[in-house]
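Heads up, the thing below is written out as structure tokens.
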Amino acid sequence: MEKIIDIQHLSKSFGAHEVLKDIDFSVNKGEVVCIIGSSGSGKSTLLRCVNLLEKPSGGQIIYRGENILDDKHDIPTYRQKLGMVFQQFNLFNNHNVLSNCVVGQVKVLGRSKEEAEKIAMKYLKVVGMDKYVNAKPKQLSGGQKQRVAIARALSMEPDVILFDEPTSALDPEMVGEVLKIMKELAELGLTMLIVTHEMEFAREVSDRVVFMDKGVIAEEGHPEQIFNNPKHERTKEFLKRTL
Ligand code: ADP
Ligand code: MG
């Protein structure tokens, strides 16, 4: 299997607080990996280190065979290979739906406006938001906003998409529409790294589940193993609380 991202001995501290400790894990091409764990266990910090929104304190991030933490490596080039979908959508509120999916392509990838719009339309169709191209974010429901945010990430045609609790800010009735789209993307073979509290989704969609506890990966494995036969005491406790 082709490793896209391979993390070795990653650590991150904020002052004296060591939030990530000696994290090793990798994401293979076409794989869907879900990260679960209690609030404060370091899941968001891990995603933010992977896309270098936070600078790791130690360790290596190997992207397609190269350590991107080497000084010689071009960070903007690496980051444009990663898509990110946030809990709070982070749409540009003064841009309409189409423009939200176009600006990054033009500014970062240097695509022409025409080409970028064509690509944006393709992905807005995938998420079922192509009828809303002229709407501004404030006119949309939370579920619709998140679907636009997903189309925006897809429009950059990244190697991997990172999702940080994409349904946690949504009203319960809108969670399903977003999970459905994510499931479809998984079936299309996209490589996805997803922090989620949606255990049913993690169980059904992921190839691998990573359980984080207090800054370490306590356990990882196939979803059936993690959910039916967790080995670690802390995994058992966590699942008992959440399922
Ligand atoms: P999770 O996403 O699993 O809830 P986080 O990665 O957000 O956990 O946080 C892990 C720990 O790191 C928490 O104790 C949090 O307070 C701390 N932390 C996260 N970001 C920062 C920051 N920018 N400065 C200081 N502490 C932080
Ligand atoms: Mg978090």
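When the letters of the sequence shown are read in order and numbered with UniProt numbering, they come out as residues 1 to 243.
Glycine included, every Cβ here is placed at the ideal spot set by N, Cα and C.
Source: prediction; values computed, not measured.
Selected residue, minimal CA-CA separation from residue i, among the options
| i | options | result |
| --- | --- | --- |
| Phe25 | Glu224, Lys131, Glu220 | Glu220 |
| Leu47 | Ile7, Glu198, Val106 | Ile7 |
| Leu109 | Met156, Thr242, Val133, Ser38 | Met156 |
| Leu11 | Val33, Leu69, Met1 | Contrary to the premise, residue 11 reads as Ser rather than Leu in this sequence. The option with the nearest alpha carbon to Ser11 is Leu69. |
| Ile5 | Ile61, Glu54, Lys118 | Ile61 |
| Asn100 | Ala151, Thr45, Ile36 | Ala151 |
| Asp74 | Asn94, Phe92, Leu52, Gly189 | Leu52 |
| residue 323 | Asp71, His95, Asn93, Arg64 | As shown, the chain starts at 1 and ends at 243. That puts residue 323 outside it, with no answer to give. |
Residue i CB to nearest heavy atom of ligand 1 below 7 Å
| i | result |
| --- | --- |
| Thr45 | yes |
| Phe14 | yes |
| Ser168 | no |
| Ser26 | no |
| Gly59 | no |
| Gly176 | no |
| Gly142 | no |
Separation of residue j from residue i, as counted between CA atoms
| i | j | result |
| --- | --- | --- |
| Leu239 | Val19 | 22 Å |
| Gly30 | Lys136 | 33 Å |
| Thr77 | Glu66 | 13 Å |
| Gly59 | Pro158 | 24 Å |
| Ser112 | Gln87 | 30 Å |
| Met212 | Val50 | 15 Å |
| Asn90 | Leu124 | 17 Å |
| Lys180 | Val126 | 11 Å |
| Asp171 | Glu198 | 14 Å |
| Val103 | Lys122 | 15 Å |
Near ligand 2: residue i beta-carbon under 7 Å from a heavy atom
| i | result |
| --- | --- |
| Glu198 | no |
| Val19 | no |
| Asp213 | no |
| Glu117 | no |
| Glu54 | no |
| Val195 | yes |
8 Å contact criterion, which residue i and residue j should meet: CB distance rounded
| i | j | result |
| --- | --- | --- |
| Met129 | Val160 | About 22 Å separates the two Cβ atoms, so there is no contact after all. |
| Glu117 | Leu140 | About 19 Å separates the two Cβ atoms, so there is no contact after all. |
Close Cβ partners of residue i (< 6 Å) along its chain, the five nearest in sequence each way excluded
| i | result |
| --- | --- |
| Met1 | Asn28 |
| Glu177 | Gly143 |
| Cys34 | Ile194, Thr196, Ala202, Ser206, Val209 |
| Val133 | Val97, Leu98 |
Residues near residue i by beta carbon distance below 7 Å, same chain, minus five either side
| i | result |
| --- | --- |
| residue 244 | Lying before the first or after the last residue shown, residue 244 is absent from the chain, which here runs from 1 to 243. |
| Leu185 | Met192 |
Own chain residues within Cβ distance below 8 Å of residue i, not counting five before or after
| i | result |
| --- | --- |
| Pro230 | Phe211, Glu219, Lys236, Leu239 |
| Val175 | Gly143, Thr167, Glu198 |
| Leu188 | none |
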